[in-house]
Amino acid sequence: MTLVIGSIHDGRISLVADTQVTYDNPVDDTKTRHQLLRRPLLKLLVVSPTVAVGFAGPLAFHQETLYRTIYTAPDDISKTVDALRARSGSGGETFIVAALVPRPTLWRIRNGAAVPVTAPGRLEIGDHESHELYLKWQKESMHPDSTEVDEAQSLRMAVQWWINIDNGQPVRTANDRERLRQLTGNDQARFDRTIGGYLTEVMTTPSGFRYAEHTQQTLPDWLRYQSQLLPDGKVRLVARTDDPVQDLRYTLIGGPQNRRAIGFCIPQARNGVFYPDGQPWDMCTYTDIDSAEDMAKRVLIEHGQVLHWLPQPNYTVGFFAPMEPGIFSAEG
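One rule links them: number in the working numbering = place in the sequence shown (from 1) + 126.
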């Protein structure tokens, strides 16, 4: 599944999506897990400075055909909506189309019908239940003195939250489901993973739609803390984890001359994926990337396109378990 959210707010449009591909009933889950970050699916596209498209639904066997359909008439919103409306009636996908002119407008396209919206507010496609559950959790966990975030940041948080807890086997263990049920208050949901990969964001700028660069620092999973009493009476915390792996995940974006280009990479895994400007069907994969800078250099040399990235993380992810009981005592 997928989560794509579009929002009209403050006279502009923001859109976010994940990049996960989920394979139906695999013999084992390694196929989905390996493809999760090594071959992310770009589901949110900057088609032109004034048009952007997101899609959800079954993975098309002919992905190139879908991308080419989206780019049939990049500067003509009427032709884009008509082409995707026809596609939705036969291919099973659902679309969000965004246009900035003549005024900010979103279309939800599904089952051969296209419904435009110009009033401020959100549209989502894909895993509606996940989106609603996130909003419920966000509301219940908000402290009265919490700092309010703007709409664009709220959209990022919705996808980030699901991406960051959906980073493992497609079917959750009973313990994982119980943790999420306690966190969200939903005692019935299975919470099997349907959303994941990288965050993709399209923002409105003075020059039109652009991708947004992101760098995520992922800390070791499920850090557990022991408290130790030192001889001088001070207490220190010692962290333990069963999985010491940590990484940086980059979303790299095209420069002004190739604004429709986007790339993803994890240097620690040495993998990267690049979608060229205006030709996402020519996706290029790398298996020997040492850094985001290395990937940007490779793309410039091989494709003549410029990529920008954030050198420092703009958000950090980690799961922290409570201190283990019985570790701390007066005897140390």
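Note that beta-carbon positions come from the ideal geometry of N, C-alpha and C, so glycine has one too.
Please read all numbers here as calculations on a predicted model, not as lab measurements.
Quick one: give me the first and last residue of the beta strand (DSSP E) that residue i is part of.
| i | result |
| --- | --- |
| D373 | D373 to G380 |
| G215 | Element bounds for G215: not the beta strand (DSSP E) but the alpha helix (DSSP H), I203 to G217. |
| A225 | T220 to A225 |
| L167 | Element bounds for L167: n/a, residue is neither H nor E. |
| R229 | Taken as a continuous stretch (DSSP letters only), R229 belongs to no beta strand (DSSP E), as it is neither H nor E. |
| T331 | T326 to T331 |
| G247 | G247 to G252 |
How many angstroms separate the CA atom of residue i from the CA atom of residue j?
| i | j | result |
| --- | --- | --- |
| P402 | V173 | 12 Å |
| Q102 | L374 | Beyond the ends of the chain as shown, which are 127 and 458, falls residue 102; an answer cannot be given. |
| R248 | V364 | 44 Å |
| L345 | Y324 | 16 Å |
| I134 | H340 | 21 Å |
| L170 | G322 | 14 Å |
Consider the C-beta atom of residue i and the heavy atoms of the ligand HEM; say whether any pair is separated by less than 7 Å.
| i | result |
| --- | --- |
| E339 | What this structure holds is no ligand at all, so the ligand HEM is not there to describe. |
For residue i, which three-state DSSP category applies?
| i | result |
| --- | --- |
| R386 | coil |
| Q394 | helix |
| Q343 | strand |
| Q286 | helix |
| P242 | strand |
| Q146 | coil |
| A456 | For A456, the pLDDT reaches just 35, beneath the cut-off of 50, and the residue's location in the model is therefore unreliable, leaving the point undetermined. |
| A338 | coil |
| R407 | The question names Arg, yet the displayed sequence has Trp at residue 407. If DSSP states are grouped into helix, strand and coil, W407 belongs with the helices. |
| L141 | strand |
How is the alpha helix (DSSP H) around residue i delimited, first residue to last?
| i | result |
| --- | --- |
| T191 | Q189 to I196 |
| A418 | A418 to H429 |
Which same chain residues end up closer than 7 Å to residue i when comparing Cβ atoms and leaving out the 5 residues on each side of it in sequence?
| i | result |
| --- | --- |
| I415 | C391, P393, R396, N397, G398 and M421 |
| D386 | As written in the sequence, residue 386 is Arg, which differs from the Asp given in the question. Correct list, in chain order: V172, G380, D403 and G404. |
Excluding five sequence neighbours on each side, which residues of the same chain lie with their C-beta closer than 8 Å to the C-beta of residue i?
| i | result |
| --- | --- |
| V361 | S353, Q354, L355 and F454 |
Among the residues of its own chain, which have a CB less than 6 Å from the CB of residue i, if the five just before and after it don't count?
| i | result |
| --- | --- |
| I251 | V130, A182, T220 and I222 |
| V227 | T176 |
| A143 | V130, K169, L170, G180 and T326 |
Can we say the region 204 to 215 touches the region 235 to 248, given the rule of at least three CB pairs closer than 8 Å?
Under the 8 Å Cβ criterion, the region 204 to 215 counts as touching the region 235 to 248, having at least three qualifying pairs.
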